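Enquirer: Each number in this note's numbering corresponds to the 1-based position in the sequence shown with 5 added.
Glycine residues also receive a C-beta, built at the ideal position from the N, C-alpha and C atoms.
Note that the structure is predicted; figures quoted are calculated from it, not measured.
I have a structure I would like to understand better, so I am pasting it below and will then ask my questions one at a time.
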Amino acid sequence: MAEHEHFFQILQKKIGSSLRMHPWTTAQLNSSNIRLMSRKNLGEKLLDQILPLFEVSEELTRFAGLQPLYDGINLLDPVYCRKDEVLRMLEKCTGLDDSQREQLTSAVMVFMDIVKKTDLNPMQLKSITTLSLWWKIFPELKPWYALKWLWQQGIAVPHSQSGYRAWRRFSHGSNSESAKNANLHPKRWLEICEEQNVFETAFEADRLAAAFSGEGRHAGLAGVCGNLPDCNNCELSLECHWYATDGNSENMAIEERIQRNKISTADIPELMQWLLSSNPEEAKALQNSLNAEAPLKDWSRERLRELENQQPLDSNLILRLEALREMCRNYGIEKLKPKDQFNSSREIFNHFHQQLENQKQEQFIIVLLDNKHRYLAEEDVTKGILNKSLVHPREVFASAIEHRAAALICIHNHPSGDPEPSQEDFRITERLVEVGKLVGIPVLDHVIVGGDNYTSFADKGLL
Ligand code: SF4
Numbered sequence: 006m007a008e009h010e011h012f013f014q015i016l017q018k019k020i021g022s023s024l025r026m027h028p029w030t031t032a033q034l035n036s037s038n039i040r041l042m043s044r045k046n047l048g049e050k051l052l053d054q055i056l057p058l059f060e061v062s063e064e065l066t067r068f069a070g071l072q073p074l075y076d077g078i079n080l081l082d083p084v085y086c087r088k089d090e091v092l093r094m095l096e097k098c099t100g101l102d103d104s105q106r107e108q109l110t111s112a113v114m115v116f117m118d119i120v121k122k123t124d125l126n127p128m129q130l131k132s133i134t135t136l137s138l139w140w141k142i143f144p145e146l147k148p149w150y151a152l153k154w155l156w157q158q159g160i161a162v163p164h165s166q167s168g169y170r171a172w173r174r175f176s177h178g179s180n181s182e183s184a185k186n187a188n189l190h191p192k193r194w195l196e197i198c199e200e201q202n203v204f205e206t207a208f209e210a211d212r213l214a215a216a217f218s219g220e221g222r223h224a225g226l227a228g229v230c231g232n233l234p235d236c237n238n239c240e241l242s243l244e245c246h247w248y249a250t251d252g253n254s255e256n257m258a259i260e261e262r263i264q265r266n267k268i269s270t271a272d273i274p275e276l277m278q279w280l281l282s283s284n285p286e287e288a289k290a291l292q293n294s295l296n297a298e299a300p301l302k303d304w305s306r307e308r309l310r311e312l313e314n315q316q317p318l319d320s321n322l323i324l325r326l327e328a329l330r331e332m333c334r335n336y337g338i339e340k341l342k343p344k345d346q347f348n349s350s351r352e353i354f355n356h357f358h359q360q361l362e363n364q365k366q367e368q369f370i371i372v373l374l375d376n377k378h379r380y381l382a383e384e385d386v387t388k389g390i391l392n393k394s395l396v397h398p399r400e401v402f403a404s405a406i407e408h409r410a411a412a413l414i415c416i417h418n419h420p421s422g423d424p425e426p427s428q429e430d431f432r433i434t435e436r437l438v439e440v441g442k443l444v445g446i447p448v449l450d451h452v453i454v455g456g457d458n459y460t461s462f463a464d465k466g467l468l
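If you want it as structure tokens, here you go:
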């Protein structure tokens, strides 16, 4: 059995009939009845579609500025259409720049070629030869766009990018979405759908794969092989290469690593680049600035300013980077809920690390616990250079008494990054422990956070 058929065989055998009976799929298949195309209609709709892709201002319409183009596309003779004739027509339009005129001239010329070669016969319009012409009209990176547009015009052409992705996962165990991967061009998907012998038509194969990949989700048809594949509930899993192979994550595209839940710390620079930038100039500047060892921590204001100088003026990359950092920071300091328990100094460190690691000043926090040592509340006691007078037992225990705490833990940071306790830290701790004994609210630990490390007085037996 040919490799591209296996997917459709299993799809048909296991869930084909239930997918086919769903109203979404039925509607999709019924709407593929061939309709004859009117040249006027198709030409005008094509212009409506491609003008925004060529960044023509929204203010230019068939009634304002572009009337010669809209009229001309209906009047040109497809057999004898000449470039200079199209250019003259575009020169009569107002508001277009030279590059847009150039793009529109070649789009109109190719459209005339399509009209000449197919006579707008829908069967001819979706042949691979004609599709190659449609792909010349739409911008280079949007070949799927062309197919989707043709489908909207009533031409039953396979156009499901996500169906192709599901097929790739099932048949190859991979779904590299890398732009470099030429196999992701829809031409390959069209060939696969044409060559399969399981479903009656290529279009039907495409629609069933689309349903399986979750394209009908809005209509209540939740396919399982969508952006985040739900392999545990997939009836095709036993035969699926993606499910069988966990793969070597080093060779996977970043999208695939996300889908497989395989992002590690070493991937963060690439992940940031993927998240933050689709603009090649921004991507290049980011690439030069990312530090594989400490990618997020290192983004000081000075470094952001350096990066800002390498950006296009209208870029808001710096803001997006700040937003990402802030998001991670907030995630890291997400508050504990009452009744959660700290079971080790490591858990205390993990909870406060993000909040304290970049503080320029020392900050002293207490966590108040109930009689089963479950979390009650946390309080900021003070900020600044810590000394005995700033961390006064009165401040610490007033709050503990107010919350009726049965015990407490102290945490503070060393902006220097060195977590070793100073003489002052020893004196403060000793004093708090003594008062705790007197008032019946023991100090269970004092954790000092310094950079990525910490010291626990309790772990070191210093309490
Ligand atoms: S097992 Fe997972 S990856 Fe494979 S076809 Fe099913 S949902 Fe898709």
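#1: Are the beta-carbon atoms belonging to H417 and V452 less than 9 Å from one another?
#2: Assign G225 to one of two classes, buried (16 or more other C-beta atoms within 10 Å of its C-beta) or exposed (fewer than that).
#3: Taking only the alpha-carbon atoms, compute the straight-line gap between S176 and Y150 and give it to the nearest angstrom.
#4: Could you check how far apart the C-beta atoms of L92 and K131 are, in whole angstroms? I think they sit under 8 Å.
#5: Please report the straight-line C-alpha distance between G48 and F68, rounded to a whole angstrom.
#6: Does at least one heavy atom of ligand 1 sit under 8 Å from the Cβ of L241?
#7: Relative to ligand 1, is the shortest distance from any of its heavy atoms to the C-beta of Y75 smaller than 8 Å?
#8: Go ahead and pull the three-state DSSP assignment for I15.
#9: State the DSSP-derived secondary structure class of E102, mapped to helix, strand or coil.
#10: Tell me which same chain residues have a C-beta within less than 8 Å of the C-beta of H164, skipping the five on either side of it?
#11: Below 6 Å CB to CB, which residues in the same chain sit around L291 once its five sequence neighbours on both sides are set aside?
#12: Among E311, I370, D345 and A249, whose alpha-carbon lies nearest the alpha-carbon of H415?
#13: What residue from D457, S254, Q105 and C239 has the CA that sits closest to L71's CA?
#14: Would you please state the rounded distance, in angstroms, between the beta carbons of V454 and E362? I believe it to be under 8 Å.
#15: Taking just the CA atoms, how far does N266 sit from F217?
#16: Where does Y380 sit, in a helix, a strand or coil, going by DSSP?
#17: Pull up the distance between the alpha-carbon of L56 and that of K141, whole angstroms please.
#18: Nearest by alpha-carbon distance to I353: which of D457, S404 and Q364 is it?
#19: Would the beta-carbon of R4 be found less than 8 Å away from any heavy atom of ligand 1?
#20: Given a cut-off of 9 Å on the beta-carbon distance, is the pair H419 and E367 in contact?
#21: Mind listing, in chain order, the continuous alpha helix (DSSP H) runs of no fewer than 4 residues lying wholly within the stretch 420 to 456?
#22: Around the C-beta of D319, are 16 or more other C-beta atoms found within 10 angstroms, so that it is buried, or is it exposed?
#23: Say yes only if the C-beta of D235 is nearer than 8 Å to one or more non-hydrogen atoms of ligand 1, and no if none qualify.
#24: Would you kindly work out how many angstroms separate the C-alpha atoms of Q17 and C98, rounded to a whole number?
#25: By the DSSP assignment, the beta strand (DSSP E) with Y459 in it spans what residues?
#26: Could you check which residue in K377, Q129, G445 and F431 has the C-alpha nearest to that of A403?
#27: So the alpha helix (DSSP H) C198 belongs to, where does it begin and stop?
#28: Tell me, please, which residues DSSP counts as bridged to V115.
#29: Ligand 1 heavy atoms versus the CB of C415: any closer than 8 Å?
#30: Please report the straight-line C-alpha distance between L374 and L243, rounded to a whole angstrom.
#31: Going by the CB atoms, is the gap between T31 and L213 shorter than 9 Å?
#32: Measure how close the beta-carbons of G219 and S167 come, nearest whole angstrom, since I'm counting them as under 8 Å.
#33: Among residues of its own chain, excluding the 5 on either side of K185, which ones have a beta-carbon nearer than 8 Å to its beta-carbon?
Expert: Based on what the coordinates show:
#1: On the sequence shown, position 412 is the one that residue 417 refers to. On the sequence shown, position 447 is the one that residue 452 refers to. Going by C-beta atoms, H417 is nearer than 9 Å to V452.
#2: Stepping through the sequence shown from its first residue, residue 225 is reached at position 220. Per the 10 Å Cβ criterion, exposed.
#3: The residue given as residue 176 occupies position 171 in the sequence shown. The residue given as residue 150 occupies position 145 in the sequence shown. S176 and Y150: Cα-Cα distance of roughly 24 Å.
#4: The residue labelled residue 92 in the question sits at position 87 within the sequence shown. The residue labelled residue 131 in the question sits at position 126 within the sequence shown. Not quite, the Cβ-Cβ distance comes to about 30 Å (not below 8 Å), so this is no contact.
#5: One-based indexing of the sequence shown puts residue 48 at position 43. One-based indexing of the sequence shown puts residue 68 at position 63. Cα-Cα distance, rounded: 16 Å.
#6: If you number the sequence shown from 1, residue 241 lands on position 236. Yes, since a heavy atom of ligand 1 falls inside the 8 Å radius drawn around the Cβ of L241.
#7: For the purposes of this step, residue 75 is taken as the residue at position 70 of the sequence shown. No - ligand 1 has no heavy atom lying nearer than 8 Å to the Cβ of Y75.
#8: Taking the sequence shown and counting its residues from 1, one reaches residue 15 at position 10. In the structure shown, I15 sits in a helix (DSSP, three-state: H, G or I).
#9: Taking the first residue of the sequence shown as 1, we reach residue 102 at position 97. The question names Glu, yet the displayed sequence has Asp at residue 102. Here D102 sits in coil by DSSP.
#10: Here residue 164 corresponds to residue number 159 of the sequence shown, with the count starting at 1. Around H164: W149, L152, K153, L155, W156, P191 and D211.
#11: Counting from one through the sequence shown, the residue named residue 291 turns up at place 286. Counting only Cβ-Cβ distances below 6 Å, and skipping sequence neighbours, we find Q278 and S282.
#12: For the purposes of this step, residue 415 is identified with residue 410 of the sequence shown, where counting begins at 1. Inspection of the sequence shows that residue 415 is occupied by Cys rather than by His. C415 has its Cα closest to that of I370, out of E311, I370, D345 and A249.
#13: Your numbering for residue 71 matches position 66 in the sequence shown. Per the Cα distances, Q105.
#14: Walking along the sequence shown from the start, residue 454 turns up at place 449. Walking along the sequence shown from the start, residue 362 turns up at place 357. Between E362 and V454 the Cβ distance is about 7 Å, and since that is below 8 Å, they are a contact.
#15: Here residue 217 is taken as the residue at index 212 of the sequence shown, counted from 1. Here residue 266 is taken as the residue at index 261 of the sequence shown, counted from 1. When rounded, the distance between both Cα atoms is 21 Å.
#16: If you number the sequence shown from 1, residue 380 lands on position 375. In the structure shown, Y380 sits in a strand (DSSP, three-state: E or B).
#17: Taking the first residue of the sequence shown as position 1, residue 56 is located at position 51. Taking the first residue of the sequence shown as position 1, residue 141 is located at position 136. Cα-Cα distance, rounded: 15 Å.
#18: Within the sequence shown, residue 353 is the residue found at index 348, counting from 1. Ranking the options by Cα distance to I353, first place goes to D457.
#19: No statement about residue 4 is possible, as the shown extent of the chain runs from 6 to 468 and does not include it.
#20: In the sequence shown, counting from the first residue as 1, residue 419 sits at position 414. In the sequence shown, counting from the first residue as 1, residue 367 sits at position 362. Contact flag set, yes.
#21: 428 to 444
#22: Here residue 319 refers to the residue found at position 314 when the sequence shown is read from its first residue. Exposed is the call here.
#23: Within the sequence shown, numbered from 1, the residue matching residue 235 stands at position 230. Yes, the beta carbon of D235 sits closer than 8 Å to at least one heavy atom of ligand 1.
#24: Residue 17 sits at position 12 when you count from the first residue of the sequence shown. Residue 98 sits at position 93 when you count from the first residue of the sequence shown. Q17 and C98: Cα-Cα distance of roughly 53 Å.
#25: For the purposes of this step, residue 459 is taken as residue 454 along the sequence shown, with counting starting at 1. Run containing Y459: N458 to S461, per the beta strand (DSSP E) assignment.
#26: What you label residue 403 is simply residue 398 of the sequence shown in a count that begins at 1. Among K377, Q129, G445 and F431, the Cα nearest to that of A403 belongs to G445.
#27: Position 193 of the sequence shown, counting from 1, holds the residue named residue 198. That run of the alpha helix (DSSP H) goes P191 to E200.
#28: Numbered from its first residue, the sequence shown carries residue 115 at position 110. None, per the DSSP bridge assignment.
#29: Start at 1 with the first residue of the sequence shown, and residue 415 comes out as number 410. Not under cutoff, so the answer is no.
#30: Your numbering for residue 374 matches position 369 in the sequence shown. Your numbering for residue 243 matches position 238 in the sequence shown. Each residue's Cα considered, the two are about 50 Å apart.
#31: Counted from its first residue, the sequence shown places residue 213 at position 208. Counted from its first residue, the sequence shown places residue 31 at position 26. Their beta carbons are not under 9 Å apart, which means L213 does not touch T31 by this criterion.
#32: Here residue 219 is taken as the residue at index 214 of the sequence shown, counted from 1. Here residue 167 is taken as the residue at index 162 of the sequence shown, counted from 1. With a Cβ gap of about 7 Å, G219 and S167 count as contacting.
#33: Counted from its first residue, the sequence shown places residue 185 at position 180. For K185, the pLDDT reaches just 45, beneath the cut-off of 50, and the residue's location in the model is therefore unreliable, although a value from the coordinates is still provided. Closer than 8 Å at the Cβ level, and outside the excluded window around K185, lies no residue.
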